[in-house]
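Report on the structure given below.
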């Protein structure tokens, strides 16, 4: 069998040790760890990384500023270099298998009809950022519309920054970004967010953050509203018609883990102010036998380095479980 693909038959007769859903930092780090432990595995990846719009990955020791696509390509090479398999595609359905002796692992059907079986399943499918329904916002996402001071803060230092108060986390964002620029304003947009409490207003004032109370109508670019990759952000047009100029907009998206395909296995999700995620223990176990999760699917705030570390930790625990099965 070629190490980079399965035969053309619709069903692979071999049962893998581990099937990894998702080929981002968590999934690939887990795959490297498992392949180095001589585990048979396949990574199934849909090719839609969350950070694709970003110019570079930051706060990743030794790889500062590397482009997301370059990082993932390097990770894939490392996986296949140790004998792992990386498949382009998505898991459309997954079910638990049983035999006369009980649990027999999992069967996953890919969106192109291929069927894989595995003893254990690691979910590393990441999340989707759900932005507030403000026209023009999504078109600048990942460039001049950002959310994380640790992912993008240095790059926007000393610029004019407008924080949209659309989430319970928005004030926290404004406070953090005020460390990076003296020109930070907060739009208390009650049409799209929770409003501003008195204590929060005092915190913003203490950091020198100006508060504007009005609703956003549209995000505009300097070319008059035609948004594309080259368009520069002009600011936010308010419902009153006034334009609030800004070089950078900060927004808190609702983060939704990609979990739908796996919920039939009994995988549980939880909600917090940031969004929805899979509940796991410290090593990534979901509480469902044979099912693990790592990266943003289980930790909404994880940056690339933390996601990779979680994948490595889950893989180590998973490998130990497979060893113990044979005793």
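Numbering (the UniProt record's numbering), first residue to last: 1 to 327. Every residue gets a Cβ at the ideal spot worked out from N, C-alpha and C, and that includes glycine.
Pairwise C-alpha distance: residue j and residue i
| i | j | result |
| --- | --- | --- |
| residue 257 | residue 24 | 13 angstroms |
| residue 251 | residue 264 | 33 angstroms |
| residue 92 | residue 111 | 5 angstroms |
| residue 160 | residue 237 | 15 angstroms |
| residue 103 | residue 220 | 55 angstroms |
| residue 280 | residue 298 | 7 angstroms |
| residue 194 | residue 79 | 45 angstroms |
| residue 203 | residue 274 | 21 angstroms |
| residue 19 | residue 86 | 10 angstroms |
| residue 370 | residue 181 | No answer is possible for residue 370: the residues shown for the chain start at 1 and end at 327. |
| residue 150 | residue 304 | 11 angstroms |
| residue 98 | residue 118 | 12 angstroms |
| residue 10 | residue 115 | Confidence is the limiting factor: at residue 10 the pLDDT is only 38, short of 50, which leaves the residue's position unreliable, though a coordinate-based value still follows. Roughly 6 angstroms separates the two Cα atoms. |
| residue 39 | residue 125 | 20 angstroms |
| residue 226 | residue 262 | Any reading at residue 226 must be qualified, since the residue scores a pLDDT of 41, below 50, and its modelled position is unreliable; the value itself is stated next. Going from the Cα of residue 226 to the Cα of residue 262 covers about 39 angstroms. |
| residue 152 | residue 146 | 7 angstroms |
| residue 308 | residue 242 | 44 angstroms |
| residue 77 | residue 141 | 29 angstroms |
| residue 271 | residue 277 | 7 angstroms |
| residue 96 | residue 198 | 52 angstroms |
| residue 139 | residue 320 | 45 angstroms |
| residue 328 | residue 244 | Nothing in the structure corresponds to residue 328, since the chain is present only between 1 and 327. |
| residue 253 | residue 317 | 32 angstroms |
| residue 107 | residue 269 | 22 angstroms |
Local Cβ density within 10 Å of residue i, reported as buried at 16 or more and exposed below that
| i | result |
| --- | --- |
| residue 81 | exposed |
| residue 331 | The requested residue 331 is not part of the displayed model; the chain covers only 1 to 327. |
| residue 302 | buried |
| residue 17 | buried |
| residue 184 | buried |
| residue 292 | buried |
| residue 209 | buried |
| residue 326 | exposed |
| residue 49 | buried |
| residue 191 | exposed |
| residue 61 | exposed |
| residue 235 | buried |
| residue 7 | Its pLDDT being 35, under 50, residue 7 is placed unreliably by the model, and nothing is read from it. |
Within-8 angstroms CB hit, residue i to chain B
| i | result |
| --- | --- |
| residue 259 | Among the chains of the structure shown, chain B does not appear; only one protein chain is present. |
Contact under 8 angstroms by Cβ, residue i with residue j
| i | j | result |
| --- | --- | --- |
| residue 294 | residue 34 | no |
| residue 59 | residue 68 | no |
| residue 131 | residue 165 | no |
| residue 222 | residue 232 | yes |
| residue 105 | residue 15 | yes |
| residue 84 | residue 29 | no |
| residue 246 | residue 212 | no |
| residue 240 | residue 214 | yes |
| residue 163 | residue 179 | no |
| residue 167 | residue 248 | no |
| residue 120 | residue 311 | no |
| residue 127 | residue 296 | yes |
| residue 306 | residue 284 | no |
| residue 267 | residue 136 | no |
| residue 56 | residue 65 | yes |
| residue 255 | residue 129 | yes |
| residue 171 | residue 200 | yes |
| residue 134 | residue 216 | yes |
Any non-hydrogen atom of the ligand MN within 7 angstroms of residue i CB
| i | result |
| --- | --- |
| residue 312 | In the structure shown, the ligand MN is absent, as is every other ligand, since no ligand is present at all. |
Given 8 angstroms, three or more beta-carbon pairs between the segment 45-64 and the segment 18-36: For the pair of segments examined, the segment 45-64 was found to touch the segment 18-36: the number of CB pairs separated by less than 8 angstroms reaches three.
3-residue-minimum beta strand (DSSP E) runs that sit fully inside the segment 119-157, ordered along the chain: Fully enclosed beta strand (DSSP E) runs of 3 or longer: 127-130.
Inside the segment 49-100 only - beta strand (DSSP E) runs reaching at least 3 residues: Within the segment 49-100, the complete beta strand (DSSP E) runs of at least 3 residues fall at 85-88, 91-99.
Complete runs of the beta strand (DSSP E) confined to the segment 157-242 [at least 3 residues]: Qualifying beta strand (DSSP E) stretches, in chain order: 161-164, 184-187, 210-212, 216-221, 233-238.
Unbroken stretches of the beta strand (DSSP E), 3 residues or longer, contained in the segment 243-318: Contiguous beta strand (DSSP E) elements confined to the segment 243-318 occur at 243-245, 248-250, 254-257, 269-272, 275-278, 291-293, taking only those with 3 or more residues.
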